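Written out below as C-alpha cells is the structure these notes cover.
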Amino acid sequence: MPTPGILGRKIGMTQVFTEEGTVIPCTVIEAGPCRVLQVKVKDTSELPDADQKAVINHGKRRGKTERQRRADGYYALQLGFGARTSKRTSKPMAEHCKNAGVAEGGSYYFVREIRHDALPEQKRGEDLTVSVLDGIKKVDVTGTTKGRGWAGTIKRWNFSRQGMSHGTKKCHRHVGGTGRTYSTAKGLPKGKKSPGHYGVERVTIQGLDVVKIDPERNLLFVKGAIPGPPTGFVMIRKSIKLKD
Numbered sequence: 000m001p002t003p004g005i006l007g008r009k010i011g012m013t014q015v016f017t018e019e020g021t022v023i024p025c026t027v028i029e030a031g032p033c034r035v036l037q038v039k040v041k042d043t044s045e046l047p048d049a050d051q052k053a054v055i056n057h058g059k060r061r062g063k064t065e066r067q068r069r070a071d072g073y074y075a076l077q078l079g080f081g082a083r084t085s086k087r088t089s090k091p092m093a094e095h096c097k098n099a100g101v102a103e104g105g106s107y108y109f110v111r112e113i114r115h116d117a118l119p120e121q122k123r124g125e126d127l128t129v130s131v132l133d134g135i136k137k138v139d140v141t142g143t144t145k146g147r148g149w150a151g152t153i154k155r156w157n158f159s160r161q162g163m164s165h166g167t168k169k170c171h172r173h174v175g176g177t178g179r180t181y182s183t184a185k186g187l188p189k190g191k192k193s194p195g196h197y198g199v200e201r202v203t204i205q206g207l208d209v210v211k212i213d214p215e216r217n218l219l220f221v222k223g224a225i226p227g228p229p230t231g232f233v234m235i236r237k238s239i240k241l242k243d
C-alpha cells in the first residue's frame with residue numbers, strides 16, 4: 000500500500016478542547032495543495048506512454064534530443080509546494096515544472112520526494128490536498144530547526160556550569176576537560192562535544208497524533224510541537240511506527 004504524505008507550512012500553535020474539556024496543545028500546518036512534479040518508478044514499463052521519453056537540452060547550438068527514460072529503482076512522488084515566480088526560477092526547474100502543468104516560468108520553493116512502498120496512484124500534474132491523510136491517526140513531521148547561531152556547551156549540549164562560589168575564578172561557563180590526556184599532538188577526540196553552530200538541522204518528530212483535519216482550508220492539526228519557525232516548510236508522512 001502506498002505511504003501517504005504531503006508537504007506543508009507551519010502556521011503556529013493553538014489549543015483544541017475535547018468534549019470532556021481537556022486542552023490539547025496543537026500545531027497548525029497548512030498542508031497542500033501540492034503539485035505532483037514527477038512519479039518515480041522501479042521500472043520504466045510502469046510509466047504512461049507520455050513519460051517514457053526524457054528530453055535532454057544540449058544548449059542553443061545542439062538543441063534538444065530525446066532518449067529512453069531510465070528507471071529510478073524505487074517508488075516515490077516528487078511534490079512541489081509554495082509557488083515561486085518566474086523571476087526567481089532557474090530555467091531547468093521552470094522546464095521541469097512546465098511538464099507538470101505549472102504556469103509558464105513558475106516553480107515551487109519547496110520540492111521534496113515522498114517515498115512509497117508501491118506504485119503511486121497519482122499521476123504527474125495532479126494536485127494533492129490534505130485529504131490524502133484521511134483516516135491516519137499518527138504522522139511523522141520533518142522540518143528544519145530554528146537557527147540559534149554560535150552557542151556554548153551549556154546551551155548546545157545541556158552541560159552543567161561550574162560552581163558560582165568564590166573558589167571558581169572566571170570559568171563558570173567554560174567547557175571543562177577536553178580529554179587530551181593521550182597526546183596533545185592529536186588534538187581533540189572526534190565527536191567531542193564543544194561550542195559551535197547550533198540549529199538549522201533536519202529533525203523528524205515521530206508519532207504525532209492527528210487531532211483534526213480541515214479539508215476546506217487545507218489545515219492539519221497535530222498534537223504537540225514540530226521543528227522550525229512559523230512559515231517554515233515541513234514534510235508530513237504517515238507514521239513509520241503506525242501498524243496497518
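For the sequence shown, numbering that gives the first Met the number 0 puts the final residue at 243, and the numbers step up evenly by one.
All C-beta atoms in this analysis are idealised placements derived from N, C-alpha and C, irrespective of residue type, glycine included.
In this text, all values refer to a predicted model and were calculated from it rather than measured experimentally.
Would you mind giving the Cβ-Cβ distance between residue i and residue j, rounded to the nearest angstrom? I have them listed as a contact below 8 Å.
i      : j      : result
Ile235 : Val138 : 5 Å
Tyr74  : Lys97  : Between Lys97 and Tyr74 the Cβ distance is about 24 Å, and since that is not below 8 Å, they are no contact.
Arg34  : Asp126 : 6 Å
Please classify residue i: does DSSP put it in a helix, a strand, or coil?
i      : result
Lys246 : No answer is possible for residue 246: it lies beyond the span of the chain, which begins at 0 and ends at 243.
Lys90  : helix
Ser106 : strand
Thr84  : coil
Arg61  : coil
His95  : helix
Val27  : strand
Ile153 : helix
Glu45  : helix
Val233 : strand
Ile239 : coil
Asp50  : helix
Smallest Cα separation from residue i: which of the options?
i      : options                           : result
Arg87  : Leu76, Asp48 and Tyr107           : Tyr107
Pro188 : Thr177, His115, Tyr197 and Val35  : Thr177
Val54  : Arg66, Arg60 and Glu45            : Arg66
Thr64  : Leu132, Ile5 and Asn56            : Asn56
Gly31  : Ile225, Val221, Arg216 and Ala224 : Arg216
Met12  : Gln37, Gly62, Val140 and Val221   : Val221
Leu6   : Glu19, Leu218 and Ile239          : Leu218
Asp213 : Arg147, Leu36, Thr230 and Thr128  : Thr128
Gly72  : His171, Asp48 and Thr43           : Thr43
In whole angstroms, what separates the C-alpha of residue i from that of residue j?
i      : j      : result
Asp50  : Trp156 : 49 Å
Gly124 : Ser130 : 17 Å
Tyr197 : Gly227 : 13 Å
Glu103 : Ala82  : 12 Å
Val27  : Val15  : 11 Å
Lys90  : His173 : 50 Å
Gly175 : Gly190 : 16 Å
Val199 : Val233 : 13 Å
Is the closest heavy atom of the ligand MG to the C-beta of residue i under 8 Å?
i      : result
His171 : The ligand MG is absent from the structure shown, which contains no ligand whatsoever.
Inset, instruction - Please go through the segment 181 to 218 and give each complete beta strand (DSSP E) segment of 3 or more residues, from N-terminal end onward. - result: Qualifying beta strand (DSSP E) stretches, in chain order: 201 to 213.
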